[in-house]
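Basically my numbering = 1-based index in the sequence shown + 148.
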Amino acid sequence: MSEEFKIEIVNPDKSFLSKDDVIEVVVPAFEGDMGILKDHISIISFLKPGIISIQTKSGEEKYYVEDGIVEFKNNNLSVLTSYILNLKDIEKNNLQDLIKVAEEEASKKDLNDQSKYLADQKVETLKSLN
């Protein structure tokens, strides 16, 4: 019996990724990191800034996301996000620029608690990639 399910990641520009041979996905859900395997119960959750880890038979892929919605139903995982980067494509200079922008956002005085939390998550995640 197959242990695989389907994932599709979409951002405003295009359908970013579609795979049929996924074994496990870990997403940075708002409630905490969530692991998803085949036949997981149906869920809908918000994403916080973090790393999506996708495990397939051919290996592991990791992507940085800033926000979005994740839905799992009938062994189909859908991720809708406004910003996603493949970690293999992040260069040192680009990462430093992303950290600087995130730190500036987090240091704004007029942020509400939720915005401050998300900005801090973004800074922490990007620094962990350094």
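Just so you know, even glycine gets a beta-carbon here, dropped at the ideal spot from N, CA and C.
Beta-bridge analysis with DSSP links residue 278 to no other residue.
Around the beta carbon of residue 269, 16 or more other beta carbons lie within 10 angstroms, which makes this residue buried.
The DSSP-derived three-state label of residue 240 is helix.
Scanning the region 166-240 for uninterrupted beta strand (DSSP E) segments of 3 residues or longer gives 180-185, 191-195, 198-204, 207-213, 216-221, 224-228, 232-234, listed from N- to C-terminal end. The C-alpha of residue 154 lies about 6 Å from the C-alpha of residue 167. Distance between residue 219 and residue 228, taken at the CA atoms: about 9 Å. Taking a cut-off of 8 Å on C-beta distances, the region 167-185 does not touch the region 242-258, as fewer than three cross pairs fall below it.
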